[in-house]
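For reference, the structure is listed below as structure tokens.
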Amino acid sequence: MRRFLIDTDTASDDAIALLLAFAAPDVRIEAITMVAGNCRLDQAAQNALYVRELVGAEAPVHLGRDAPLLRPLVMAADVHGHDGLGDIGLPLHGRTADPGHAADVIRTVIRRHPGEVTLVTLGPLTNVALALLRDPELAGLVRECVVMGGVSDGFGNITPAAEFNIYVDPEAAKIVFGSGLKITMVGWDISRKYALLSGAELDALKAIGTKRARFAVDILAAVRRYVSERTGEDCADLPDPIAMAIALDPTIATKVVRRAVIVDTSDGPSMGATLVDHHAVTGRTANADVVVEASREKFIARLRQALAVA
Ligand code: BDR
Ligand code: CA
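Be aware that the sequence shown starts at 18, since it is given in our numbering, and climbs by one per residue.
Listed below in structure tokens is the structure:
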């Protein structure tokens, strides 16, 4: 059994990523930790607890930090809806998270299973940075940290240069990328290129007909509207699910390059950008394996499999 620890701001594509993890027969989810990002912290927790209930799982869900380390929280209600799951009227309230702060849980789980835990981050890196600040040796004890965040081709989604998860808490991202963790970075470029699903493909997923398939496609309503307004096409991209799919099956990443990744924490127009030193011009030591190509077919097949679970 592989041990996973998932840190998430539980918006719609995070929820689908959770479904992928819950469906993996060889994975034990040690904990799901909540961070503020697309949703407020309490909303993220309600959403994760709802998904847990939907699949009948027992993984503990813990609250983490409710704001970035140094900056005010930027959310993206226009992308995922005010409740983060598309505003489709789901009862996303009244559930109780498990006790313990995310940063402590991250630390405890990794210390309990040195070298065994795959950490998957689907939101801003605030909780992980806090855990590393408290216990820097953790970095050497993690099997792998798959980060959905950044871009490797300079094409941002929240600003022209930056991807949302890194932009929200760039200081946290800088700490994490500078920690010595064994990072696999799955940037938004991978989602844009290999996990952009058309309306017809999404409808075909929903037609699988299970509770999970209907839920996954219905909660993309807001994202679908948001993307359509920008591209003129009915489609949605799935950054967190493709990152999770790669964590579950590394062969979905078909080209990975080892690079120095620099996080821009300045307050200029590139704040939150991830500068990937593809030509080794900085002289900096490489700190991440950066996914630059992936298999769309394998990703969609994995998604179909996960959503088909009754
Ligand atoms: C990231 O931001 C959120 O919209 C998604 O859940 C993903 O984690 C993509 O930039
Ligand atoms: Ca997310």
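Every residue gets a Cβ at the ideal spot worked out from N, C-alpha and C, and that includes glycine.
Going by the C-beta, is residue i closer than 7 Å to any heavy atom of ligand 1?
i    : result
N144 : no
H99  : no
V96  : yes
D186 : no
A93  : yes
M18  : no
N64  : no
L261 : Sequence inspection shows Met at residue 261; the Leu mentioned does not correspond to that position. Not so, every heavy atom of ligand 1 lies at least 7 Å from the Cβ.
N182 : yes
M202 : no
M51  : no
M165 : yes
N304 : no
How about residue i: is its Cβ closer than 7 Å to a heavy atom in ligand 2?
i    : result
A28  : yes
L139 : yes
G54  : yes
I25  : Per the sequence shown, the amino acid found at residue 25 is Thr instead of Ile. Yes - ligand 2 has a heavy atom lying nearer than 7 Å to the Cβ of T25.
D31  : yes
D257 : yes
Relative to the alpha-carbon of residue i, which residue among the options has its alpha-carbon at the smallest distance?
i    : options                : result
K191 : L213, F172, G166       : G166
V11  : D104, A120, V44, L109  : The structure shown does not extend to residue 11, since the chain spans only 18 to 327, so no value can be given for it.
G294 : N64, G157, L150, D170  : Note that residue 294 is Asp in the sequence shown, not Gly. The option with the nearest alpha carbon to D294 is D170.
R276 : K315, D284, S283, I200 : I200
I269 : A238, G226, D251, A318 : A318
I127 : L150, A114, G157, V274 : G157
Q362 : D281, L86, G101, A48   : As shown, the chain starts at 18 and ends at 327. That puts residue 362 outside it, with no answer to give.
A239 : G103, G300, A179       : G103
V326 : A297, G195, R229       : R229
Q60  : A114, V164, R20, P131  : A114
A179 : A189, V168, E188       : V168
P85  : V72, A65, H99, V145    : V145
V333 : A311, T176, E47, V278  : Residue numbering for the chain in the displayed model covers 18 to 327; residue 333 lies beyond these limits and cannot be assessed.
R19  : V163, L58, T135, T176  : T135
I56  : H97, L66, D43          : This sequence places Cys at residue 56; Ile is not what is there. It is H97.
S220 : T143, A303, R321       : Just to set this straight, residue 220 is Asp in the shown sequence, not Ser. It is R321 whose Cα lies nearest to the Cα of D220.
A329 : R242, S283, G249       : The requested residue 329 is not part of the displayed model; the chain covers only 18 to 327.
G54  : A48, F194, D30         : D30
N174 : S208, V163, V164, S196 : S208
S312 : P77, T271, T302, L22   : T271
E16  : H99, R247, V244, G195  : Nothing in the structure corresponds to residue 16, since the chain is present only between 18 and 327.
Counting only beta-carbon separations shorter than 8 Å, does residue i have a partner in chain C?
i    : result
V145 : This model lacks chain C altogether; it includes just one protein chain.
* Touch check for the segment 135 to 142 and the segment 22 to 35: three-plus C-beta pairs under 8 Å? -> yes
* Using 8 Å as the Cβ pair cut-off and three pairs as the minimum, do the segment 190 to 204 and the segment 304 to 322 touch? -> yes
* Would the segment 36 to 44 and the segment 251 to 265 be scored as touching if the rule is three or more Cβ pairs under 8 Å? -> Counting Cβ pairs under 8 Å, three or more are found: they touch.
* Asked: Unbroken alpha helix (DSSP H) runs of length 4 or more, entirely within the segment 233 to 282: which are they?
  -> You should have 238 to 248, 256 to 265.
* Asked: Okay, do the segment 80 to 91 and the segment 118 to 131 touch, 3+ Cβ pairs below 8 Å being the bar?
  -> yes
* Cβ pair count under 8 Å reaching 3, the segment 282 to 296 against the segment 181 to 195 -> yes
* **Those runs of the beta strand (DSSP E) which lie wholly inside the segment 156 to 232 and span at least 3 residues** => 159 to 165, 200 to 203, 213 to 215
* **Segment contact flag, the segment 209 to 219 with the segment 245 to 258, C-beta cutoff 8 Å, min 3 pairs** => yes
* To do: Please list the segments of the alpha helix (DSSP H) lying wholly inside the segment 23 to 50, counting only runs of 4 or more residues, in order along the chain.
  => Counting only runs of 4 or more, we get 29 to 40.
* alpha helix (DSSP H) runs wholly inside the segment 97 to 145, at least 4 long, in chain order -> 119 to 129
* Give, in chain order, every unbroken run of the alpha helix (DSSP H) that is at least 4 residues long and sits entirely within the segment 283 to 317. => none
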